[in-house]
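Below is one structure; the comments refer to it alone.
Number of protein chains: 4
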Amino acid sequence: MAPRKLKIAISGLGRMGARHAINFHTRTPRCDVVAAFTPDAKEAAWAAQNLEGVTVYDDYDAMLRHQGLEAVVVATVTTAHAEQAIKAIEAGKHVMCEKPLSTSIEVSQSVVDAADKRPDLKVLCGFSRRFDASYRDAYERMKTGGIGKPSVFRSQTCDKLDPSGFFVEYARFSGGIFVDCNIHDIDLALWYFGQDCKVKSIVAMGITAVEPDLRKYNDVDNGVGVVEFWDGRIAYFYSSRMMAAGQHDMSEIIGTAGKIVVNANPQSNLVELHEPAGIRREIPGHYYGRFEQAFVTEANEFVAACLDDTELPFKVSGAVQAVKIGCALQESLNSGKKIFFDESGRRIEKANL
Amino acid sequence: MAPRKLKIAISGLGRMGARHAINFHTRTPRCDVVAAFTPDAKEAAWAAQNLEGVTVYDDYDAMLRHQGLEAVVVATVTTAHAEQAIKAIEAGKHVMCEKPLSTSIEVSQSVVDAADKRPDLKVLCGFSRRFDASYRDAYERMKTGGIGKPSVFRSQTCDKLDPSGFFVEYARFSGGIFVDCNIHDIDLALWYFGQDCKVKSIVAMGITAVEPDLRKYNDVDNGVGVVEFWDGRIAYFYSSRMMAAGQHDMSEIIGTAGKIVVNANPQSNLVELHEPAGIRREIPGHYYGRFEQAFVTEANEFVAACLDDTELPFKVSGAVQAVKIGCALQESLNSGKKIFFDESGRRIEKANL
Amino acid sequence: MAPRKLKIAISGLGRMGARHAINFHTRTPRCDVVAAFTPDAKEAAWAAQNLEGVTVYDDYDAMLRHQGLEAVVVATVTTAHAEQAIKAIEAGKHVMCEKPLSTSIEVSQSVVDAADKRPDLKVLCGFSRRFDASYRDAYERMKTGGIGKPSVFRSQTCDKLDPSGFFVEYARFSGGIFVDCNIHDIDLALWYFGQDCKVKSIVAMGITAVEPDLRKYNDVDNGVGVVEFWDGRIAYFYSSRMMAAGQHDMSEIIGTAGKIVVNANPQSNLVELHEPAGIRREIPGHYYGRFEQAFVTEANEFVAACLDDTELPFKVSGAVQAVKIGCALQESLNSGKKIFFDESGRRIEKANL
Amino acid sequence: MAPRKLKIAISGLGRMGARHAINFHTRTPRCDVVAAFTPDAKEAAWAAQNLEGVTVYDDYDAMLRHQGLEAVVVATVTTAHAEQAIKAIEAGKHVMCEKPLSTSIEVSQSVVDAADKRPDLKVLCGFSRRFDASYRDAYERMKTGGIGKPSVFRSQTCDKLDPSGFFVEYARFSGGIFVDCNIHDIDLALWYFGQDCKVKSIVAMGITAVEPDLRKYNDVDNGVGVVEFWDGRIAYFYSSRMMAAGQHDMSEIIGTAGKIVVNANPQSNLVELHEPAGIRREIPGHYYGRFEQAFVTEANEFVAACLDDTELPFKVSGAVQAVKIGCALQESLNSGKKIFFDESGRRIEKANL
């Protein structure tokens, strides 16, 4: 008897949706992609070419009713993430939803609430770095105590400059650079410091060095944020849209007895070029060049958890916490204010602070 | 209609055979592994657990007769490579054969002869580095002229020391360190310098630094070889069985206007550890840790060539040339002689040279 | 006729003073160290052994009156820097004063005021990194425009953990981690962004991960600070007393078209060790291991400026600006407040900001 | 009383001679450069500008008679090294002679013979790498046993391509690439393997990739050589005149339990550039950019040994051994022959080997 395969649908076939579709279709042996949803004719045409045997719907609800469907990958625009995820959960499907659940804390929470009502379903928020071999290795090494108590976390998400300025219009819905880019770094901080660590204060600053128009969407192209936790730890973040060389996402977990660094020295592959100008290496031009293998792992582990009813590596509720911090950073950036919280997580106002 | 998939069998389920089996089974979407051959009960038990739906034979010829079989992956012990490959070719199957075809030049040639009689079949000798993204990138950069004329090639295959000394007994059949390890480096030299470059002279030296017993099989644990070509190029090779830190395979293509280096700085992943003793990174413990992705690419490209009747990236005849050079290096190592060839490839004897 | 040599005195023969003494004595050919001041008997004994021909005084004023003395290097405890520097200036001596001039802005300014009255004298505040070949190279590359407009500056000063906890008592007078460590990074920011850039806001946070006792001196062992400038630039800093591997001071100048990084990968020398645990390199245990050559350059350039009446590479007034920023970071750390300035440099209070 | 200083003369003020002169004059506190010899008017004019207080002679013998002279640095053309060194020794002067003593083994030996007659004098052959901090660190680590038994030594001396082709004419007297470049690597092999290790066989090959005219002086622009020792060790060398990126001299000491690498990743300084083409660093354009500090150390240690009558770090006799190996490599390159020695060091001829 052939092994059972998970019947899965992909919602959204844009840039990232198409990648998910291909990964689940050809690099995730334990599933069958049976359906996809896209309202876009070009994307549908692409699917006809590349997703042999997959039924493409232009109606999300119709897709949900696809015969035998068991799981949905939500990879549409951010603004649709939550609604689609909730609908899928309510229809009894496992859900893997691209990050962020929403740029709104409340809407993000509503996905978690829906998931909480269906503990039989697997609901995953796609923080791809949690599936990256290097980040996992760092976590294991930290856990075994080699660096003492992890105390300071530095992390950055820095995109290659897109001279088309696409990211200006993108900023209209992205939630801002801290919610869009640093959300990953925030999630890593929560992973490494513990999902329960409580924020004490938050501050952020930013500039528009290459795209002043970002200001109209309350955004910046370079942001620095600092988060202080009640248990005496600090995380600080940098995000940028203007790297010349390519994508450079990196992190440092600094402990009382050592430090673990992930990707201090980015590289596309193992080639170095000795030229008259010196020694040169190229680096990935995009986050997918850095994290492709993590996405494949994510797909396979999500499918395995659904089929085998095993635990996902992390809870969807953490995604809300990450969005909360991201939104607070974004607010601090725009208000100029430092933001304070008490130990119960409630916002507090300090006179003249 | 579901896309057609290549029906493939794996011969040999030892260390590398099992990896091939898994790769073709789960990471090569366009094929179905339908059969496998192993005379070993443990390996057969492993297959029952891990290769669902695959018929396991303890008779190679029986496997070849498996209904609908189209292609065979030969991954048994080196001494069986050629015979199995030839049988498969004669049975009208595409063949992917692990390197080397044989440690004997004549036997290697017999595989090529068999392949030549069946131009309709795809016959591939598994030089995995030809499928590695970094080596391919290096090749493309070289081809576009960035380094001028490639003139010197340095390449090494260095294994992590196996304190069990397993490699002593392994040397009985391996053909020696130049045939077993540097065969990859030799093949790379032929790739980068051109498959038609003609050897002018060959010399090799070696030592047994950790395993004196290797001498009984005419082998060494560290070897250095130099190959001079008639068109004014040089390749030099190093192989070792005693690396402390792990596998370190690396290459330099040195041109008149630049140099391309592959894997000068090996690493397991993107993690660096800052510890009281300094900054440390780990490196792969084995060649598979370095080349896993290349093997997956190899599997997928072999299958695609069979299904689409497209050309393989390189000819099987080159494998004979590589074995010739490897055997000459091994001979020079053992005789102490430098070996000379005329431009037609014939061995020449020089008085007192 | 022998070339004229500058007659110079060293005040303070503690850790750094002794290094300056040796550097001026043996590695600065155009000067003669003629005198030294130390109130400490052990240091005086050391001088008798190591500073042949140098008169050692236990009275600073007496040293100032040494026959023919032309210049003084002030390398005593920070609390004495300003007074000694001013006395020397008033006595008509050139002065090279260790950083910081003082941990007080006003006192620092008093040194600048004294210097302003004697434009014939060379007065240098010893920001050693300004003399470091790599930082200078970075500056030249930045100036020639390769990275577009420098917009974000990240810089850290991270000491190897001293398990003796010496730095706790040291914190009593150091001015705090931002004034003691990050003062260098602040000075670099002013160098790279332009000495005239105006601070808009400042915020800092910190923790005591290894030495809770630091709190009694209003200090921390890990600090993160962010400085926003009115011309749309940001600098952010990290300082730490708990690095396991050694001293790691590094900086990034991030421009709209590229980035220059100094010392991302610290190293003691050019040796790499391949060991069973991987590949390892050591890094300097102390700032002097990193910047020794910069101190020698500093000594030689100071002497040359005095002898040839040429300009020093930077003005002493910048040192006050650096202390101002350092003190504001330290204040923000301790108050929890974000601090704001108007474009004229005046502190402003924002309701609830 | 002022400390006694060694009175020293510099013979030859060409490229390297001028550097030695400056180093001894301004960076070697315990000596006074009192005299210099050059037959060249331009060099003499340079000395008048840059070597204040130094008497410049156009007659070597006259220079040797300079009042009070105690030591001579021989940095003239290679062909004059030996004669000048011997004259100086016979005149009772300490001698530091640039490498090689001579390109002839016999002439080199004559220097050693002269030195042997005057055990009261310090005679140093200037193998600058012996004074390099990284090579010394490597030696100490090797000695303490971290890598087990050093068994394979790989070392290269690779010059940046000089497009003027100067090195063609230079080859007329240089002794060839193995004697001129790899002499350093050979000397390192003797240092690391032990000065007494006995050569068993030698072979070399080479090409003229950029300068075919080198053949008229029996030289090449890229050479590979292998040296086998009687105690079961191997050293292999590469030298090149055509590096695009700059000088790349590096070495590996490979032991049975580990490996020490010196300068695998060359760099001019600690700056890395992130540019649209990737991440780049520059490397030294010339050996002096790599080894400047080693030359300064050499000067200071030579002077100290003369003044304090302490032992030099290595014996001058080793220089003959290095030249012997270099000449044999050069001979093998040109004859095509592999060369054999018995355990007593005598050349042996093997029929058809």
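Read top to bottom, the protein sequences are chains R, F, U and C.
Just so you know, the first sequence maps onto residues 1 to 353 in UniProt numbering.
Just so you know, the second sequence maps onto residues 1 to 353 in UniProt numbering.
Just so you know, the third sequence maps onto residues 1 to 353 in UniProt numbering.
Just so you know, the fourth sequence maps onto residues 1 to 353 in UniProt numbering.
Heads up, the beta-carbon is just placed ideally off N, CA and C, and yes, glycines get one too.
Strand pairing of residue i, partner residues [DSSP]
i	result
H94(C)	A71(C)
I177(F)	Answer by DSSP bridge pairing: none, since I177(F) is not bridged.
N222(U)	I207(U), S240(U)
E150(F)	Note on residue identity: the sequence assigns Pro, not Glu, to residue 150(F). Partner(s): G255(F).
F340(C)	S201(C), I348(C)
R280(C)	R280(R), L273(C)
CB contact flag (residue i, residue j, <8 Å)
i	j	result
A85(R)	Y57(R)	no
S128(R)	F237(R)	no
I183(U)	K99(U)	yes
L124(F)	E70(F)	no
T78(C)	T103(C)	yes
A319(C)	F24(C)	no
L64(R)	A88(R)	yes
I207(R)	V220(R)	yes
H274(U)	A264(F)	no
L121(C)	Q321(C)	no
V152(U)	C327(U)	no
V210(U)	M242(U)	yes
S268(C)	C158(C)	no
V262(C)	V271(U)	yes
Contact with chain F by residue i, beta-carbon distance below 8 Å
i	result
residue 361(U)	Limits of chain U in this structure are 1 at one end and 353 at the other, which puts residue 361(U) out of reach.
E301(R)	no
Closer than 7 Å at the beta carbon, the chain R residues around residue i
i	result
D137(F)	N269, V271
T256(U)	A209, V210, M242
Under 7 Å from the C-beta of residue i: neighbouring residues of chain U
i	result
K259(C)	H274
Chain-ordered neighbours of residue i on chain R, where CB pairs are closer than 8 Å
i	result
R27(F)	R27, P29
Chain-ordered chain U contacts of residue i [CB-CB under 8 Å]
i	result
E263(C)	In the sequence under discussion, the amino acid at residue 263(C) is Asn, which differs from the Glu named in the question. Under the 8 Å cutoff, chain U gives L270.
Beta carbon proximity, residue i to chain U, threshold 8 Å
i	result
M1(R)	Because the pLDDT at M1(R) is just 49, under 50, the model does not fix this residue reliably, and the value given afterwards should be weighed accordingly. Output row for M1(R): interface = no.
K160(R)	no
8 Å Cβ cutoff, residue i in contact with chain C
i	result
R346(R)	no
D213(F)	no
G246(F)	no
K198(F)	no
Inter-residue CB distance, residue i and residue j (contact presumed, cutoff 8 Å)
i	j	result
G225(F)	L329(F)	4 Å
V73(U)	H20(U)	5 Å
S332(R)	I325(R)	Going by Cβ atoms, the distance from S332(R) to I325(R) rounds to 10 Å, so no, they are not a contact pair.
Cutoff 8 Å: residue i Cβ touching any chain R Cβ
i	result
S134(F)	yes
V168(U)	no
M205(U)	yes
Contact set between residue i and chain F, taken where Cβ atoms lie within less than 9 Å
i	result
R141(R)	V271, L273
Cross-chain neighbours of residue i in chain F, by beta carbon under 7 Å
i	result
I283(U)	G278, I279
K338(C)	V203, K338
Chain-ordered neighbours of residue i on chain F, where CB pairs are closer than 8 Å
i	result
K122(C)	Residues of chain F passing the Cβ test: none, with the nearest at roughly 37 Å.
The ligand ADP heavy atom lying under 7 Å from the CB of residue i
i	result
R172(U)	For the ligand ADP, the structure offers nothing, since it holds no ligand at all.
Contact list for residue i against chain C, beta-carbon separation under 8 Å
i	result
K149(F)	A209
V152(F)	I207, A209, N222, V224, Y238, S240
Residue i: contacting residues in chain R (beta-carbon distance under 9 Å)
i	result
V111(U)	What V111(U) touches in chain R: nothing, since even the nearest Cβ is about 32 Å away.
So if I threshold CB-CB distances at 8 Å, which residues from the segment 221–240 of chain R count as touching chain D? Annotation note: the requested chain D is absent from the structure, which comprises protein chains R, F, U and C.
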